[in-house]
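Numbered according to our numbering, the sequence shown spans residues 547 to 847. Structure first, then comments.
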Amino acid sequence: MFRPYLLIVMALFRAFSTSAQVKKQMTKSVDQLRSQIEQIARDAQGRVGVAATLLETGESVGFHEMEQFPMQSVYKLPIGMAVLHQIDQKKLALTQVVHVTQSDYIADRQHSPIRDKFPQGVDIPLSELLRYAISESDGSASDVLLRMVGGSQVVMSYLKTLNVTEMMVLNTELEIGSDNAVQYRNWAKPAQAASLLRAVQEGRGLSKTSHAFLLHLLTDTQTGLQRLKGLLPSGTTVAHKTGTSWTIDGITAATNDVGIITLPNGRHIALAVFVSDAKADAKTREAVIARIAKVAWDYWQ
Numbered sequence: 547m548f549r550p551y552l553l554i555v556m557a558l559f560r561a562f563s564t565s566a567q568v569k570k571q572m573t574k575s576v577d578q579l580r581s582q583i584e585q586i587a588r589d590a591q592g593r594v595g596v597a598a599t600l601l602e603t604g605e606s607v608g609f610h611e612m613e614q615f616p617m618q619s620v621y622k623l624p625i626g627m628a629v630l631h632q633i634d635q636k637k638l639a640l641t642q643v644v645h646v647t648q649s650d651y652i653a654d655r656q657h658s659p660i661r662d663k664f665p666q667g668v669d670i671p672l673s674e675l676l677r678y679a680i681s682e683s684d685g686s687a688s689d690v691l692l693r694m695v696g697g698s699q700v701v702m703s704y705l706k707t708l709n710v711t712e713m714m715v716l717n718t719e720l721e722i723g724s725d726n727a728v729q730y731r732n733w734a735k736p737a738q739a740a741s742l743l744r745a746v747q748e749g750r751g752l753s754k755t756s757h758a759f760l761l762h763l764l765t766d767t768q769t770g771l772q773r774l775k776g777l778l779p780s781g782t783t784v785a786h787k788t789g790t791s792w793t794i795d796g797i798t799a800a801t802n803d804v805g806i807i808t809l810p811n812g813r814h815i816a817l818a819v820f821v822s823d824a825k826a827d828a829k830t831r832e833a834v835i836a837r838i839a840k841v842a843w844d845y846w847q
């Protein structure tokens with residue numbers, strides 16, 4: 547009489563035990579991945595923050611992911627997104643021509659392909675200005691976009707609509723370049739950078755057209771090719787944004803790369819890696835980012 551119920555109870559117990567074992571194994575694997583990341587990070591001889599999430603499942607791993615790291619040009623991603631949002635609102639248009647003058651240019655020692663190509667200034671479509679800012683990490687283009695969108699507070703308000711609240715966009719590139727300390731005011735927590743990457747992948751806060759254009763710009767990024775992409779198989783799609791500071795007295799404040807990596811199975815890793823206040827040389831710092839991306843790839847692919 548009680549045998550069917552006993553069999554059901556035993557089956558449920560076995561299922562629960564199996565589920566618990568699988569969960570324990572997964573936790574152990576994530577711990578191993580975190581341990582690998584920690585070991586790699588030591589080579590930077592500085593602070594390293596990492597947040598990685600398999601977007602389709604939510605499984606994630608972090609390392610100093612709740613600490614603050616200077617973004618440098620990573621902050622051009624939210625600036626560009628805020629501009630695209632205003633395009634969706636019809637406040638701006640991709641086809642409108644923007645008049646860029648010499649007074650808009652950042653300092654000569656700062657990165658600005660548009661300044662180098664057009665030293666006297668240029669009239670340029672907004673779409674091309676976005677390409678310079680995001681794909682080529684042009685500081686002058688970024689400052690013009692920040693002004694057009696209405697300033698840093700507008701960008702910060704837009705980030706709040708995406709539930710990204712621990713990413714500070716406060717200064718222009720010109721201001722950051724004029725005082726080494728200013729870059730530390732424009733910071734992000736790796737976990738929040740990964741949250742922004744999730745919003746990018748899901749297309750939140752942008753129209754389908756603007757979302758597609760943003761992914762194109764990020765995938766066409768010309769900087770930091772030895773960072774997230776450095777050790778991944780040739781042809782891997784990586785939509786990413788880099789950030790880099792100067793090296794002063796042997797210390798580099800920021801060597802960063804945040805992006806969305808598409809796996810062979812079609813799933814996506816949101817990965818943010820920030821290397822700060824590091825003594826290692828540029829090749830080593832970039833290799834740290836590349837190796838972290840590779841272990842995340844190996845784990846989830």
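All C-beta atoms in this analysis are idealised placements derived from N, C-alpha and C, irrespective of residue type, glycine included.
Cβ-Cβ separation, residue j to residue i (assumed contact under 8 angstroms), whole Å
i: residue 822; j: residue 616; result: 6 angstroms
i: residue 670; j: residue 646; result: 6 angstroms
i: residue 816; j: residue 743; result: 4 angstroms
i: residue 676; j: residue 691; result: 7 angstroms
Contact check, residue i vs residue j, beta carbons under 8 angstroms
i: residue 633; j: residue 623; result: no
i: residue 701; j: residue 652; result: no
i: residue 576; j: residue 607; result: yes
i: residue 808; j: residue 788; result: no
i: residue 611; j: residue 594; result: no
i: residue 836; j: residue 772; result: yes
i: residue 751; j: residue 704; result: yes
i: residue 842; j: residue 618; result: no
i: residue 590; j: residue 793; result: no
i: residue 804; j: residue 620; result: yes
i: residue 774; j: residue 762; result: no
i: residue 715; j: residue 688; result: no
i: residue 802; j: residue 784; result: no
Residue i, buried or exposed, once every other Cβ within 10 Å from all chains shown has been counted against 16
i: residue 735; result: buried
i: residue 839; result: buried
i: residue 568; result: Unreliable positioning characterises residue 568 in this predicted model, as indicated by a pLDDT of 43, which lies under 50. The coordinate reading is nonetheless provided below. Its Cβ having fewer than 16 others within 10 Å, residue 568 is exposed.
i: residue 650; result: buried
i: residue 826; result: buried
Reduced DSSP category for residue i - H, G, I as helix; E, B as strand; rest coil
i: residue 726; result: helix
i: residue 652; result: coil
i: residue 800; result: coil
i: residue 706; result: helix
i: residue 773; result: coil
i: residue 846; result: helix
i: residue 711; result: coil
i: residue 645; result: strand
i: residue 826; result: coil
i: residue 665; result: coil
i: residue 675; result: helix
i: residue 606; result: strand
i: residue 685; result: helix
i: residue 639; result: coil
i: residue 810; result: coil
i: residue 817; result: strand
i: residue 659; result: helix
i: residue 567; result: With a pLDDT of only 47 at residue 567, under the threshold of 50, the placement of this residue in the model should not be trusted; the figure read from the coordinates follows. DSSP places residue 567 in helix when its eight states are reduced to three.
Enclosing beta strand (DSSP E) for residue i [first to last residue]
i: residue 630; result: Per DSSP, residue 630 belongs to no beta strand (DSSP E); it is in the alpha helix (DSSP H), 622-634.
i: residue 600; result: 593-600
i: residue 785; result: 784-790
Endpoints, alpha helix (DSSP H) assigned at residue i
i: residue 736; result: 736-748
i: residue 758; result: 754-765
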